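Notes to accompany the following structure.
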Amino acid sequence: MDVSNLKKNAKLRLDGHPYVVVDFQFVKPGKGQGLYKCRLKNMLTGSVFDRTFRSGDKLEDADVESRTMQFLYATGDDYTFMDQESYEQLELGASIVGDDKRFLIDQLQVDVLLYEGRAVGLTLPGHVTMTVTHCEPGVKGDTATGATKGATVETGYLVQVPLFIKEQERIKIDTRSGDYVERVNA
Amino acid sequence: MGLWDGVTDALRVYLRAEGLREVATPTVIDAPAVEPYIEPSRIGVRFLRTSPELALKRLLCHGSGSIYELAAVFREGESGPHHLPEFHLLEWYRVGASLRRTMTDVESMVAAARQLGGGVAPRWRVVSLLERMGEDLGRPLRGDESAGDLAPLLARVSSLAAVALRRREATSSEESVARLEAWTELYTLWSTRMFDPWLRALGPDHAVHLVAFPAPLAALSQVLDGVAQRFESFVGGVELANGYLELADPTEQRRRFEAVNGLRGRAGAQPLPVDEAFLADLRHPGLPDCAGVALGMDRLVMVAAAATSLAEIRYLPDRA
Chain A
24 MDVSNLKKNA KLRLDGHPYV VVDFQFVKPG KGQGLYKCRL KNMLTGSVFD RTFRSGDKLE
84 DADVESRTMQ FLYATGDDYT FMDQESYEQL ELGASIVGDD KRFLIDQLQV DVLLYEGRAV
144 GLTLPGHVTM TVTHCEPGVK GDTATGATKG ATVETGYLVQ VPLFIKEQER IKIDTRSGDY
204 VERVNA
Chain B
624 MGLWDGVTDA LRVYLRAEGL REVATPTVID APAVEPYIEP SRIGVRFLRT SPELALKRLL
684 CHGSGSIYEL AAVFREGESG PHHLPEFHLL EWYRVGASLR RTMTDVESMV AAARQLGGGV
744 APRWRVVSLL ERMGEDLGRP LRGDESAGDL APLLARVSSL AAVALRRREA TSSEESVARL
804 EAWTELYTLW STRMFDPWLR ALGPDHAVHL VAFPAPLAAL SQVLDGVAQR FESFVGGVEL
864 ANGYLELADP TEQRRRFEAV NGLRGRAGAQ PLPVDEAFLA DLRHPGLPDC AGVALGMDRL
924 VMVAAAATSL AEIRYLPDRA
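Heads up: the protein sequence lines correspond to chains A and B, in order.
At position 8 of the first sequence (counting the first as 1) the number is 31 in our numbering, and the numbers step up by one without a gap.
At position 99 of the second sequence (counting the first as 1) the number is 722 in our numbering, and the numbers step up by one without a gap.
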């Protein structure tokens with residue numbers, strides 16, 4: 024791709040990494056060279072940096088796509104997902120899934136980022152609803168605002184919840200912060 | 624829409640009162656001015672003009688006296704907040720005038736345009752490019768340094784500007800091409816990284832004439848004592864006009880066109896045909912002593928409207 028075709032959200036391959044163009048501006052000091060000042064985000068690490076290209080530079084498109092997949096099951100450190108369109112199954116290792124495994128409940132829909140055909144990233148929905156499998160009963164009369172207790176959910180994740188939460192209740196959890204959001208009434 | 628009408632009218636009234644006559648020259652031409660980083664649009668084997676410069680100079684050769692043209696011009700691949708692939712240049716030439724005289728023209732025009740937009744005339748100052756660049760880069764510059772002399776400065780400013788230097792292959796090209804390339808590159812990167820931020824920080828009510836360009840950046844201007852007789856005017860950080868004491872020597876002009884074509888080749892651009900009719904007119908009848916300026920009308924109206932991008936002053940919306 025020629026640099027003059029650059030657009031916001033274009034995906035580029037630079038030094039072997041995929042980048043998305045967050046922002047760019049064409050500048051050209053009087054009779055000098057045209058420059059494309061770009062802000063690029065590394066799609067693997069999320070780090071952002073500025074890079075300037077010149078008129079005439081050739082850029083490489085990054086072969087990146089995002090696919091919606093459903094979580095099927097985990098075997099040891101391998102997590103198996105199924106493509107919602109092709110029904111293909113794909114295994115993701117612990118290095119990609121990382122702490123997100125705390126929120127991987129059966130049939131959860133996630134976005135898997137593929138770079139040159141390899142899975143490189145996982146994006147969860149903003150919230151997941153999970154069932155509390157174990158928690159201490161709340162102490163009657165303890166109404167102090169903000170008081171919490173630990174509760175274990177179906178994936179084994181231990182989250183701080185308000186005292187009124189009981190076992191087998193469904194709760195909504197923020198996948199970015201890992202925090203309890205609210206009780207979900209059946 | 625009223626502002627465009629008001630500003631173009633005010634400028635015409637001004638130029639006419641100063642004794643310049645309006646002319647019209649062809650839009651479709653056989654050979655554009657040979658510039659390293661301006662790409663003309665092609666129509667078959669011909670070109671859309673990137674500026675009316677060569678045609679206006681031919682008129683000057685043929686005794687037109689002081690003239691101006693408001694010209695729609697076309698440049699491939701230029702698109703951004705301050706760039707359009709089709710825009711309007713107001714270009715004027717004063718016979719027998721000094722460069723300073725045409726700088727005063729720019730000041731008067733900007734004052735008139737700003738007033739029409741409800742603003743104030745900016746305060747002007749003159750900045751020497753060579754001095755300022757030398758201070759910024761920590762080394763005094765004379766303007767005649769070779770490509771080799773400039774290499775360490777280029778390496779520094781390119782890493783500051785986060786831009787890769789063009790890979791230089793071992794090449795047999797002339798020193799004049801290498802020098803032109805090194806100076807253009809240094810100027811581009813220094814502008815982007817150091818000069819533009821400084822200009823923008825001055826604010827919208829300040830304006831600068833940048834003077835004392837190094838000789839290799841003379842383009843179509845005269846060179847005196849190694850310094851190009853050229854200026855560039857900026858208002859509120861926006862580059863608005865370029866002025867030259869025009870080069871009349873046909874041999875030197877041909878040599879520069881060829882150096883620029885050499886540089887185009889190195890940058891992967893196609894060489895451009897040289898306007899032989901223009902060079903012939905420079906030989907005979909010859910170009911009278913004159914100073915000329917090209918001013919971006921769209922940018923002037925943008926500045927008058929206190930807008931920050933050309934999109935804000937476009938009246939015709941894109942088709943959905």
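Just so it is clear, CB atoms sit at the ideal spot from N, CA and C, and this is done for glycine as well.
Only a predicted model underlies this, so the values are computations on that prediction, with no experimental measurement involved.
- Look at Val50(A): its C-beta is under 8 Å from a C-beta on chain B.
- The three-state secondary structure of Val786(B), taken from DSSP, is strand.
- Excluding the 5 residues flanking it on each side, Ala735(B) has same chain C-beta neighbours closer than 6 Å at Ala633, in chain order.
- Taking a beta-carbon distance threshold of 8 Å, Glu855(B) counts as an interface residue toward chain A.
- Secondary structure of Met925(B) (DSSP, three-state): helix.
- In the structure shown, Pro41(A) adopts extended strand secondary structure according to DSSP, grouped into three states.
- A distance below 7 Å between beta-carbons, with the five flanking residues on each side excluded, links Leu147(A) to the following residues of its chain, in chain order: Asp123, Phe126, Val133 and Thr198.
- In the DSSP annotation of this structure, the continuous segment of the alpha helix (DSSP H) that includes Arg877(B) starts and ends at Pro873 to Arg889.
- The C-beta distance from Val834(B) to Ser751(B) rounds to 6 Å, short enough to fall under 8 Å.
- Cβ proximity to chain A below 8 Å picks out Glu855, Glu862 and Asn865 from the stretch 855-877 of chain B.
- Its chain contains Ile194 and Lys195 as the residues whose beta carbon lies nearer than 8 Å to that of Glu205(A), once the 5 sequence neighbours on both sides are disregarded; these appear in chain order.
- For Tyr691(B), the CB contacts under 7 Å within the same chain, skipping 5 residues up- and downstream, are Leu638, Leu643, Glu645, Leu713, Glu714 and Trp715 in chain order.
- In this structure, the CA atom of Glu192(A) is about 28 Å from the CA atom of Gly99(A).
- Around the beta carbon of Leu37(A), a 10 Å sphere encloses fewer than 16 other beta carbons of the protein chains shown; the residue is thus reported as exposed.
- Per the C-alpha coordinates, the member of Arg889(B), Leu870(B) and His907(B) positioned closest to Gln845(B) is Leu870(B).
- Checking the DSSP bridge columns, you'll see Lys195(A) partnered with Thr152(A) and Glu205(A).
- Rounded to whole angstroms, the separation of the alpha carbons of Gln893(B) and Ser200(A) is 55 Å.
- Of the residues assessed, Glu798(B) falls on the exposed side of the cut-off, its CB having fewer than 16 other CB atoms within 10 angstroms.
- Beta-bridge partners of Val135(A) (DSSP): Arg90(A) and Leu145(A).
- According to DSSP, residue pairing for Arg77(A) in a beta bridge involves Leu58(A).
- The Cβ-Cβ distance between Leu115(A) and Tyr102(A) falls below 8 Å.
- Of all residues in the stretch 55-75 of chain A, those with a C-beta nearer than 9 Å to a C-beta of chain B are Gly55, Gln56, Gly57, Leu58, Tyr59, Lys60, Phe72, Asp73, Arg74 and Thr75, reading in chain order.
- According to the DSSP secondary-structure assignment, Thr171(A) is paired through a beta bridge with Pro185(A).
- The continuous stretches of alpha helix (DSSP H) do not include Gln893(B), and DSSP gives it neither H nor E.
- For Ser856(B), the enclosing beta strand (DSSP E) has its first and last residue at Arg853 to Val858.
- In this structure, Val831(B) sits away from Leu812(B), with a CB-CB distance that is not shorter than 8 Å.
- The continuous beta strand (DSSP E) containing Met105(A) extends over residues Asp101 to Asp106.
- Here Ala914(B) is near Leu868(B), since their CB atoms are less than 8 Å apart.
- At least one beta carbon of chain B lies nearer than 8 Å to the beta carbon of Gly79(A).
- No Cβ-Cβ contact shorter than 8 Å links Phe854(B) with Leu822(B).
- The alpha-carbon separation between Met920(B) and Gly719(B) amounts to approximately 25 Å.
- If you draw a straight line from the Cα of Glu699(B) to the Cα of Arg877(B), it comes to about 24 Å.
- Contact between Tyr660(B) and Gly53(A) is absent: CB atoms are separated by about 10 Å, not below the 8 Å threshold.
- If you look at Gly866(B), you'll find it in the beta strand (DSSP E) that goes Val861 to Leu868.
- The residues Leu933, in chain order, have a CB closer than 6 Å to that of Leu707(B) in the same chain once the five nearest residues on each side in sequence are set aside.
- The Cβ atoms of Trp806(B) and Pro775(B) lie no closer than 8 Å to each other.
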